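**Student:** So that we are looking at the same thing, I have put the structure below in structure tokens.
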Amino acid sequence: GMGCARKLTFSWGGNPGVGSLHRLRDAVEHQWPRALELDEHSHAGMAVAYCAGAARLPFGVLRGYQGTDLPAHNPRIGTVACPFTGEILAAVPAINPDVTFLHAQCADRQGNVVLHGIVGAAREAALAARTLVVTVEETVEALPPAMNALLLPHWVIGAVVHCPGGAYPSYAQGHYERDNAFHQRWDAIARDRETFQAWMDLHVLGSADNRAFLGSLLVEAA
Numbered sequence: 060g061m062g063c064a065r066k067l068t069f070s071w072g073g074n075p076g077v078g079s080l081h082r083l084r085d086a087v088e089h090q091w092p093r094a095l096e097l098d099e100h101s102h103a104g105m106a107v108a109y110c111a112g113a114a115r116l117p118f119g120v121l122r123g124y125q126g127t128d129l130p131a132h133n134p135r136i137g138t139v140a141c142p143f144t145g146e147i148l149a150a151v152p153a154i155n156p157d158v159t160f161l162h163a164q165c166a167d168r169q170g171n172v173v174l175h176g177i178v179g180a181a182r183e184a185a186l187a188a189r190t191l192v193v194t195v196e197e198t199v200e201a202l203p204p205a206m207n208a209l210l211l212p213h214w215v216i217g218a219v220v221h222c223p224g225g226a227y228p229s230y231a232q233g234h235y236e237r238d239n240a241f242h243q244r245w246d247a248i249a250r251d252r253e254t255f256q257a258w259m260d261l262h263v264l265g266s267a268d269n270r271a272f273l274g275s276l277l278v279e280a281a
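This is the structure we're talking about:
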């Protein structure tokens with residue numbers, strides 16, 4: 060909605076449990092505030108692309124996209140024949156982000172990070188990046204046991220930023236739940252261009268940092 064992106068590579072876009080991302084639709088359908096190019100994949104296709112990027116391979120393969128229209132609309136989805144069986148597989152180019160941003164629960168004083176909860180392809184996106192920046196809820200002397208969690212060692216991380224509330228309005232397991240009411244309010248805010256711009260001016264462009272941003276939301280809700 061702010062015209063900051065020229066292209067979006069993604070596997071799903073929406074306001075979870077509520078509806079469409081109206082600013083995304085406006086950019087794609089009406090080129091407002093600027094045209095937005097889409098590179099759309101399935102969740103599995105994106106995960107495979109990050110895996111290939113993390114392994115520094117040129118592309119990844121998967122059994123996917125069969126019976127869908129995506130390959131016809133996205134030239135970055137191809138096919139390759141297995142050299143051993145002849146099976147035709149889908150192929151997607153590796154993704155190597157210039158910078159990957161992740162939010163996690165905590166980091167220790169050495170810069171190691173642990174991420175609990177539904178981690179998705181966070182590890183692959185982290186290792187595929189040229190630079191990794193992690194924001195965390197807290198810093199601790201020693202990380203808690205990482206059973207069923209994602210542990211990122213300090214040598215793969217470019218910077219760790221202490222940023223409590225950095226996942227809001229989503230959730231950070233063990234710290235706060237998803238703000239479902241905000242997601243519902245956002246639907247109305249994002250539907251109208253002027254309402255959206257006024258909200259961004261007040262809460263985002265008018266805030267010096269994330270703490271000020273969260274504080275402005277509390278003032279509005281009071």
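Residue numbers (our numbering): 60 to 281. Even for Gly, the Cβ is constructed at its ideal location relative to N, Cα and C. Remember, predicted model here, so these are calculated numbers, not experimental data.
1) State the CB to CB distance for the pair Ala-249 and Phe-241, rounded to an integer number of angstroms; the pair is presumed to be in contact (CB under 8 Å).
2) Determine which residues share a DSSP beta bridge with Asn-74 and list them.
3) In the DSSP output, which residue or residues are listed as bridge partners for Pro-152?
4) Is Gly-112 closer than 7 Å to Val-151 when the C-beta atoms are compared?
5) Would you call Ile-136 buried or exposed, if buried means 16 or more other Cβ atoms sit within 10 Å of its Cβ?
6) Where does Leu-202 sit, in a helix, a strand or coil, going by DSSP?
7) Do three or more CB pairs link the segment 71-87 to the segment 108-127 at distances below 8 Å?
8) Going by alpha carbons, who is nearest to Leu-83 out of Ser-101, His-100, Ala-64?
9) Out of Leu-276, Thr-190, Val-139, state which residue places its alpha-carbon closest to the alpha-carbon of Leu-261.
10) Are the segment 162-169 and the segment 190-203 touching, with three or more C-beta to C-beta distances below 8 Å?
**Tutor:** Let's see:
1) Contact doesn't hold; Cβ gap of about 12 Å is too wide.
2) Gly-78
3) Phe-118
4) no
5) buried
6) coil
7) no
8) Ala-64
9) Leu-276
10) yes
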